[in-house]
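Accompanying notes for the structure given below.
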Amino acid sequence: MSAVRDGVRQVMAWLHGWTGLLLGWVLFVMCLAGTLSVFKPEIGQWMRPEATAKADPVEALATAGRWLAANTKDTTGWYLTAPDDRTNTIEAAYDSGGTFLYRALDPVSGASVARETMGGEFFYRLHFELELPYPWGRMLASLAAAVMLTALITGIIAHRRIFRDYFTFRTGKGQRSWLDGHNALGVLALPFHLMITFTGLITLASVSLPWGVDAAYGENVAAMYAEIAPGVAQRAPTGTKAPLAPLAPMLHEAQRRFGGAPIGRVYVLNPGDSGAVVSVFRADASVVGYMPAEVSFDGATGRMLAEWTENRPAIQTYNTVYGLHMGRFAPALTRWLYFLGGAMLTLTIASGLVLWIVKRRERAPLSLANRILERLNVGVIAGVPLGCVAFLLANRVLPLGIAGRAEAEVSIALWTAAAALVAGAVLPPRLAWPLLFGLTGAGCLVAALSVPLGGTVLILGNLMLLVTAAAFAALVGRQLLPRRATPVRRARAAA
Amino acid sequence: MPVPRAASDSKSQRQGWRYRANIAIRAVTACLGTYAVAALLAAALARTLPMPRVEAVSLSTLLAFLLAPVVPIWAFLAAGPWRALAGVVALSLLLYGVFWVAGPPA
Numbered sequence: 112m113s114a115v116r117d118g119v120r121q122v123m124a125w126l127h128g129w130t131g132l133l134l135g136w137v138l139f140v141m142c143l144a145g146t147l148s149v150f151k152p153e154i155g156q157w158m159r160p161e162a163t164a165k166a167d168p169v170e171a172l173a174t175a176g177r178w179l180a181a182n183t184k185d186t187t188g189w190y191l192t193a194p195d196d197r198t199n200t201i202e203a204a205y206d207s208g209g210t211f212l213y214r215a216l217d218p219v220s221g222a223s224v225a226r227e228t229m230g231g232e233f234f235y236r237l238h239f240e241l242e243l244p245y246p247w248g249r250m251l252a253s254l255a256a257a258v259m260l261t262a263l264i265t266g267i268i269a270h271r272r273i274f275r276d277y278f279t280f281r282t283g284k285g286q287r288s289w290l291d292g293h294n295a296l297g298v299l300a301l302p303f304h305l306m307i308t309f310t311g312l313i314t315l316a317s318v319s320l321p322w323g324v325d326a327a328y329g330e331n332v333a334a335m336y337a338e339i340a341p342g343v344a345q346r347a348p349t350g351t352k353a354p355l356a357p358l359a360p361m362l363h364e365a366q367r368r369f370g371g372a373p374i375g376r377v378y379v380l381n382p383g384d385s386g387a388v389v390s391v392f393r394a395d396a397s398v399v400g401y402m403p404a405e406v407s408f409d410g411a412t413g414r415m416l417a418e419w420t421e422n423r424p425a426i427q428t429y430n431t432v433y434g435l436h437m438g439r440f441a442p443a444l445t446r447w448l449y450f451l452g453g454a455m456l457t458l459t460i461a462s463g464l465v466l467w468i469v470k471r472r473e474r475a476p477l478s479l480a481n482r483i484l485e486r487l488n489v490g491v492i493a494g495v496p497l498g499c500v501a502f503l504l505a506n507r508v509l510p511l512g513i514a515g516r517a518e519a520e521v522s523i524a525l526w527t528a529a530a531a532l533v534a535g536a537v538l539p540p541r542l543a544w545p546l547l548f549g550l551t552g553a554g555c556l557v558a559a560l561s562v563p564l565g566g567t568v569l570i571l572g573n574l575m576l577l578v579t580a581a582a583f584a585a586l587v588g589r590q591l592l593p594r595r596a597t598p599v600r601r602a603r604a605a606a
Numbered sequence: 123m124p125v126p127r128a129a130s131d132s133k134s135q136r137q138g139w140r141y142r143a144n145i146a147i148r149a150v151t152a153c154l155g156t157y158a159v160a161a162l163l164a165a166a167l168a169r170t171l172p173m174p175r176v177e178a179v180s181l182s183t184l185l186a187f188l189l190a191p192v193v194p195i196w197a198f199l200a201a202g203p204w205r206a207l208a209g210v211v212a213l214s215l216l217l218y219g220v221f222w223v224a225g226p227p228a
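For the record, the sequence lines run as chains H and F. Just so we're on the same page, the numbering used here is the position in the first sequence counted from 1, plus 111. Just so we're on the same page, the numbering used here is the position in the second sequence counted from 1, plus 122.
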């Protein structure tokens, strides 16, 4: 290459800008939802304040199995996550007559809890499926992650003084301040940003890059699954009805084979059929690697079919990379660091998107395309958090026991975000920013006051909501109160 | 420099169709090329790494993703748009050759 070094930096800065813009709004939604997903079980507890009953995990799973057997029809499977010290319900995903449902089941009665909600599962799904049908949501998320990796690397190469900018923040200077903020946020947790983006790309590999599998296995994908998880028995339904054997003895046997380690997940495939299979997975809360061990049983007889403890180096590396992204191994302090890292990445993306506009507006009047981008910025950056708050408020406002309650909460969140996008498009930005931020802050305040205090998770959740409300109030204050002694040009730029 | 690179072009040069074509070729090379190279690398390594096939698939998929940011950066740093495209096509052909010669694992 004949380029001088400054040329390389210029090209990288240009590429960083365009790749960042290309899917910036998608990345903003993914990072925000992913950051919230760090506290998925805790958000679930906050959204189900009545569900305080506790039971032994094995008993709870067995009870849930009995309720599901009586309440699902034409089902292809149930996917259960055992309760642990962070959740007091069983997270269930199951197929019932062709509809796939996510519900929290009460550990004592086994029934779906009265305040039906997806809870933290909503943010988790939004993070990698973007509320789009399979596999398109996951494809878009993969693409966004790949673009993000490019944006990060080009951002690093373009960066001239990475260490000095760590400590540089010039306030009240328009473009300069936005750039300093963007750099500081991006650099501060850079190793985390690189780790979470690369590992995120890996989690969706089966959807986005199946060509390694294809090259080695061709059409025989079943062989690949059998070799990846030899402890999961593969079996098609026979079509002959047969009741499911009691789950508790199978779960006790699995736990004995895990050396006493707790159960993480239980998959029941084709329940009610003589070809039913019960696969039990060891919990991964105490190890970084995902899927450390599994055991399968014949669903109709309870006889063990297969057993596996993972120790193959490449697969364990893959599972560790996957587990690093999921962060389920993380103790409390690490969990908060994941949350802070995610929050910083979300803010890095938001400030980058704003910077795109600020930079162009300081040089010349905005072109039509950039005026559209500016309004999209308002709608997404201010509107998506508002949709998230609407989700929490809908959880408190919707009457218990109505049909499709959990799905209604999600609809309210999506319609609120859509309305915010329209408001961002229609209203001038200097009005739309404080309006949407103000509503989000007010929503956080109301949500924090919506439940009587009780239990550490509820208290901490409400405190977080109050802190968020204060942050949004401060943002609105800055936008509405013009600071004195600011030159007119800068005041306009900062508006 | 014989061909001015995308971002170093002066303002007046950015308006013309030459500049647009330059960027368009590089962008298409970056988008399609990244996927082609990653997919072919995963496929070629899955057939050639000396380990059980399920292990080879896991490792090759991990390694293929490391290439994701490399191809777009090459596409925009190469001296000219056609050279960027030629580089990606050459690498793809090489990887396809390895994939084809190795054949499916037993």
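We treat Cβ as the ideally placed atom computed from N, Cα and C, and that holds for glycine.
The alpha-carbon of A224/F is positioned some 45 Å away from that of F233/H.
Identification of residues in the segment 161–185 of chain F having a C-beta nearer than 8 Å to some C-beta of chain H yields A161, L162, A164, A165, A166, L167, A168, R169, M173, P174, R175, V176, E177, A178, V179, S180, L181, S182, T183 and L184, given in sequence order. When DSSP states are grouped into helix, strand and coil, Y157/F belongs to the helix group. Taking 8 Å as the cut-off, the Cβ atoms of P152/H and T198/H count as close.
When the Cα atoms are used, T261/H and V210/F turn out to be separated by approximately 17 Å. Flagged as an interface residue toward chain F: R423/H, by a C-beta distance shorter than 8 Å. Pairwise C-beta distances place the segment 447–464 of chain H in contact with the segment 138–157 of chain H, as three or more of them are shorter than 8 Å. When Cβ-Cβ separations below 8 Å define contact, L301/H makes no contact with chain F. Burial check for N422/H: the Cβ neighbour count within 10 Å stays below 16, so the residue is exposed. Residue burial is scored here from C-beta neighbours: D384/H has at least 16 other C-beta atoms within 10 angstroms and is therefore classed as buried. G552/H is the residue among N182/H, G552/H and A519/H whose C-alpha sits nearest the C-alpha of A581/H. Contact with chain F is found for I264/H, since one of that chain's Cβ atoms lies less than 8 Å from the residue's Cβ.
DSSP links I273/H through a beta bridge to no other residue. Counting the other Cβ atoms within 10 Å of the Cβ of R393/H gives 16 or more, which makes it buried.
When secondary structure is reduced to three states using DSSP, L320/H falls in the coil class, being assigned neither helix nor strand. Inter-segment contact for the segment 153–166 of chain H and the segment 191–205 of chain H is present: three or more beta-carbon pairs are separated by less than 8 Å. Residue state for K470/H is assigned as helix, using DSSP reduced to three classes. Within the DSSP bridge table, the entry for I201/H names L216/H as partners. Among the CB atoms of chain F, one or more fall inside 8 Å of the CB of W322/H.
Partner residues in the beta bridge of I374/H, as assigned by DSSP, are R393/H. Out of F548/H, A173/H, E418/H and G572/H, the CA that lies nearest to the CA of A559/H is found in G572/H. A check of alpha carbon separations from V119/H across A269/H, R226/H, T527/H and R541/H identifies A269/H as the nearest.
Taking every protein chain shown into account, the CB of S397/H has fewer than 16 other CB atoms within 10 angstroms, so this residue is exposed. Taking the C-beta atoms as reference points, G176/H is found no nearer than 8 Å to L380/H.
For A404/H, there are no C-beta contacts with chain F under 8 Å, since the nearest C-beta of that chain is about 17 Å from it.
Note on P442/H: under 16 other CB atoms within 10 angstroms of its CB, so exposed under the neighbour-count rule. Taking one beta carbon from each stretch, the segment 140–151 of chain F and the segment 299–307 of chain H have fewer than 3 pairs nearer than 8 Å; the two do not touch. At a Cβ-Cβ threshold of 8 Å, G285/H and V469/H count as neighbours. At least one C-beta of chain F is nearer than 8 Å to the C-beta of G329/H.
With the criterion set as a beta carbon lying under 7 Å from some beta carbon of chain H, the members of the segment 190–207 of chain F are A190, P191, P194, I195, F198, L199 and A201, in sequence order. Taking the beta carbon of M250/H as reference, no residue of chain F falls within 7 Å; the closest one sits roughly 11 Å away.
Fewer than three pairs of CB atoms, one per stretch, sit closer than 8 Å, so the segment 528–536 of chain H makes no contact with the segment 504–515 of chain H. Using a CB distance cut-off of 8 Å, T428/H counts as an interface residue toward chain F. What E338/H touches in chain F, judged by beta-carbon distance under 7 Å, is V176, going in chain order. With at least 16 other beta carbons inside 10 angstroms of its own, H238/H counts as buried.
Against chain F, the CB of L260/H has a partner CB under 8 Å away; the residue lies at that interface.
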